[in-house]
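Last residue of the sequence shown: number 149 in the working numbering, and the count goes up by one each step with no gaps.
Beneath this line is the structure, given in structure tokens, with notes to follow.
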Amino acid sequence: MSAALTLATPDHLAALLALVERFHTEEGIDSTPESRSAGVAPLLNGIPHGAAYLIGPPRAPIGYIIVCFGWSVEFGGMEGFVDELYIRPGVRGRGVATEVLMALPRALGAAGLKALHLEVSDNNETAQRLYKRAAFQMRDGYHLMTRML
1 MSAALTLATP DHLAALLALV ERFHTEEGID STPESRSAGV APLLNGIPHG
51 AAYLIGPPRA PIGYIIVCFG WSVEFGGMEG FVDELYIRPG VRGRGVATEV
101 LMALPRALGA AGLKALHLEV SDNNETAQRL YKRAAFQMRD GYHLMTRML
């Protein structure tokens, strides 16, 4: 199966929001249609803080990945954070996510990204195996910490 990536545009908003809703429901993320739209729409309109990619055919995507951008002195330039990655349940286990997590960092690296980060639950061993296959590593001595504003 090919994990073709398409940079999402405003024309893809409805399809992307439907996938985001499925992901949030599956993961128990408390969100509303308004909050999902507020989080996704600016990415499709060219905001420089991130990008959304459809996975699979743009007319019938099988998933999506959203990467948000920041700057790091430690890494010497622009960095990315995989904010969300979702593959429809019916096509999971076929290597699509691994293919995406191998291809996208190469493309972003060629565009100047210095590091790509992601977050994974301590008890999600399936995701941890996926991320290790895609060459992501735990950083010794570091933990992601968050302050809600």
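Think of the CB as a built atom: it goes at the ideal place given N, C-alpha and C, for glycine as much as any other residue.
Query raised in the report: Mind checking whether G109 and D83 have CB atoms under 8 Å apart?
Result: Taking the first residue of the sequence shown as position 1, residue 109 is located at position 109. Taking the first residue of the sequence shown as position 1, residue 83 is located at position 83. No, they are not a contact pair.
Query raised in the report: Are three or more beta carbon pairs between the segment 13-24 and the segment 34-49 nearer than 8 Å?
Result: Yes, since at least three Cβ pairs between the segment 13-24 and the segment 34-49 fall closer than 8 Å, the two stretches touch.
Query raised in the report: So what's L221 in DSSP terms, helix, strand or just coil?
Result: Within the shown structure, residues of the chain are numbered from 1 to 149, placing residue 221 beyond reach of any answer.
Requested in this report: Round the Cβ separation of I55 and I65 to the nearest angstrom and send it over; I've been treating them as touching at under 8 Å.
Outcome: Residue 55 sits at position 55 when you count from the first residue of the sequence shown. Residue 65 sits at position 65 when you count from the first residue of the sequence shown. Yes, I55 and I65 are in contact; Cβ-Cβ is about 7 Å, under 8 Å.
Query raised in the report: Going by beta carbon distance, what residues of the same chain come within less than 7 Å of L7, once the five residues before and after it are set aside?
Result: Here residue 7 corresponds to residue number 7 of the sequence shown, with the count starting at 1. For L7, where only same-chain residues beyond five positions count, the Cβ hits under 7 Å are A51 and Y53.
Query - Bounding residues of the beta strand (DSSP E) (the contiguous stretch that carries Y64) - result: Start at 1 with the first residue of the sequence shown, and residue 64 comes out as number 64. Membership of Y64 in the beta strand (DSSP E) is indicated by the continuous run G63 to S72.
Query raised in the report: From what residue to what residue does the alpha helix (DSSP H) around G80 run?
Result: Against the sequence shown, residue 80 aligns to sequence position 80. If you look at G80, you'll find it isn't in any alpha helix (DSSP H); it sits in the beta strand (DSSP E) that goes G77 to I87.
Report task. Go ahead and pull the three-state DSSP assignment for H12. Result -> The count along the sequence shown starts at 1 and reaches residue 12 at position 12. In this structure, H12 counts as helix in the three-state DSSP scheme.
Requested in this report: Run the CB neighbour count on A107, radius 10 Å, all protein chains shown included, and call it buried at 16 or more, exposed below.
Outcome: Locating residue 107 in the sequence shown gives position 107, counting from the first residue. A107 comes out exposed.
Report task. Sort R88, L144 and P61 by Cα distance to T25 and report the nearest one. Result -> Reading the sequence shown from its first residue, position 25 is the one you call residue 25. Of the candidates R88, L144 and P61, R88 places its Cα closest to the Cα of T25.
Query raised in the report: For the beta strand (DSSP E) that contains G50, what are its first and last residues?
Result: As a first step, residue 50 is located in the sequence shown; it is residue number 50 there, counting from the start. For G50, the enclosing beta strand (DSSP E) covers residues G50 to I55.
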